[in-house]
Structures are given as structure tokens and as C-alpha cells.
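> Numbering (the numbering used here), first residue to last: 28 to 282.
Even for Gly, the Cβ is constructed at its ideal location relative to N, Cα and C.
Keep in mind the model is a prediction, meaning the values are calculated, not measured.
Structure incoming, see below.
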């Protein structure tokens with residue numbers, strides 16, 4: 028290699044040290060952290076906070092009061108000749124109604140659902156941990172992929188399949204974080220609707236429905252995180268020989 032590419036000795040030494048560090052860290056993750064995390068997440072799934080059967084208990088008071096309705100009367104509607112014209116005018120005005128102008132909330136800030144926020148704040152670090160550890164293990168396997176040669180590439184295909192699985196898990200974990208962001212945004216829009224149309228009960232019920240849906244989604248996320256650790260640990264340990272030594276030592280003698 029040195030004849031084709033001039034490499035600085037000090038830089039090469041740093042690269043090799045990095046590879047050794049990644050290798051030691053990744054092997055420890057697969058052997059120890061992955062089983063530990065799947066056990067922790069399985070215990071988490073058994074906790075009461077993730078096994079609420081009556082989802083009504085998840086509902087959160089929006090703290091947006093319903094104002095008293097205002098009755099508007101027209102004292103100049105006695106003339107029979109103008110009755111129909113005024114009805115049409117009132118109907119047109121109702122069609123243009125844009126709801127209540129909201130400048131401030133009388134009771135202060137509208138809080139997020141505290142029970143769901145507590146769950147989310149507990150789950151988000153687990154998602155980030157999975158993404159980070161998958162990235163480390165993926166780099167470890169990629170660094171062990173040998174140079175491209177003809178024949179005896181079965182072990183290399185095992186490495187590539189494992190890397191693909193790790194990349195898929197990373198992508199799914201990132202989608203979990205995106206899902207949580209979308210929940211907050213959707214809820215904010217609904218709460219704004221409640222403030223603008225405080226007399227419409229359906230908007231209030233939709234907020235409760237959204238909270239219930241998010242709760243179920245969070246439980247699924249924890250279950251998926253646990254399953255990812257189980258599957259990755261299983262796949263890597265079953266194929267560890269091919270992953271670490273994709274080609275046998277006597278390959279040259281066979282071909």
C-alpha cells in the first residue's frame with residue numbers, strides 16, 4: 028500500500044488506535060450492553076405507567092374556560108319588508124365567522140399532558156442511546172470488511188447484511204423521535220382550535236383522543252426498542268465468526 032499511497036506514520040497510528048477503540052467498545056456493547064438494555068426495557072414495559080387500561084385517566088385539563096354565550100339582537104328588524112334580506116345578511120356574516128380572536132389565555136399557559144411528557148422524557152434518551160450504539164457497532168463491522176476480491180465472499184455478505192440491519196434500526200429510531208415531534212405539533216394546533224372555538228366540544232375530545240393514541244404509540248416504541256436489542260444481539264452473536272473473520276485463512280490455497 029505504501030508504494031501506491033504515501034501515508035503519514037503518525038496519522039496511521041491514530042487511525043489504528045481509533046479502530047482498536049471502536050472494536051473494543053462495540054464488542055462490549057454486543058456482549059454486555061445489548062442484553063442489559065433489553066432487560067431494562069422489558070422491566071419498563073411491566074411498569075404501571077405503561078399498563079394503564081382506563082385511558083380516561085390520561086386526559087389532561089386544557090384550562091381553557093368556556094365563555095358565556097353572547098346573544099345579539101337587532102332592534103331594527105320590525106319591518107316585515109326587510110325581514111328576508113336581514114336573514115340573508117346574518118347568514119352571510121355567519122359563513123365569514125373566523126372564531127374567537129385569541130390574544131392571551133386567561134388562566135395562563137396551556138400545559139402539555141404531564142403524564143405523557145413524563146413518559147416521553149424517559150423514552151427519548153433510550154431512543155438516542157439505541158441510535159448511538161447502533162452507529163458504533165455498524166462502524167466496527169464496516170471496518171472489518173476486507174478488501175474486494177473474487178470468490179469466497181459469503182462472510183462479507185453476512186457483514187453487509189448485519190450492517191443493513193443496523194442501519195434499518197437507526198432509521199426506525201430516528202422516526203420515533205420524529206413521531207414525538209409531530210405529536211406535540213398536532214396537539215398544539217388542536218389546542219389553538221379549542222381556544223379559538225371554545226364552545227365546540229369535538230375539538231376538546233380530539234385532544235383527548237390524540238393523547239390516548241400517543242400513549243399507545245409510546246408503549247409500542249418501548250416494545251420496539253427492546254425487540255431491536257434482542258434481534259441485534261441474536262443476529263450478531265450467531266454470526267460473530269463470519270463477522271470477525273469473513274474469509275478463512277486458507278482462501279488463497281483454495282483458489
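Evaluate contact between the stretch 40-50 and the stretch 193-208, counting only Cβ atoms and requiring at least three cross-stretch pairs below 8 Å.
no
> Decide if residue 165 is buried, meaning its Cβ has at least 16 other Cβ atoms within 10 Å, or exposed.
buried
> Quick one: residues in its chain with C-beta nearer than 7 Å to the C-beta of residue 61, no 5 flanking neighbours on either side, listed in chain order?
256, 259 and 260
> Can you find a heavy atom of the ligand HEM that lies under 8 Å from the Cβ of residue 206?
The ligand content of the structure shown is nil, which means the ligand HEM is not present either.
> Take the Cβ of residue 53 as the centre, count every other Cβ of all protein chains shown within 10 Å, and call the residue buried at 16 or more, exposed below.
buried
> State whether the stretch 209-217 contacts the stretch 186-200, with contact taken as three or more CB pairs (one from each stretch) at a distance under 8 Å.
no
> Leaving out five residues on either side along the sequence, give the residues of the same chain with a beta carbon under 6 Å from the beta carbon of residue 153.
252
> From the DSSP output, in three-state form, read off residue 213 for me.
helix
> Expressed to the nearest angstrom, what Euclidean distance is found between the alpha-carbon atoms of residue 162 and residue 95?
57 Å
> Identify which residue in 233, 262 and 55 has its Cα closest to the Cα of residue 88.
233
> Could you tell me how far apart the beta carbons of residue 238 and residue 143 are, in whole angstroms, since I believe they sit closer than 8 Å?
Confirmed, Cβ separation roughly 6 Å.
> May I have the straight-line CA-CA distance separating residue 135 from residue 218, to the nearest angstrom?
13 Å
> Does DSSP put residue 162 in a helix, in a strand, or in coil?
helix
> Helix, strand or coil, according to DSSP, for residue 59 in the structure here?
In this structure, residue 59 counts as helix in the three-state DSSP scheme.
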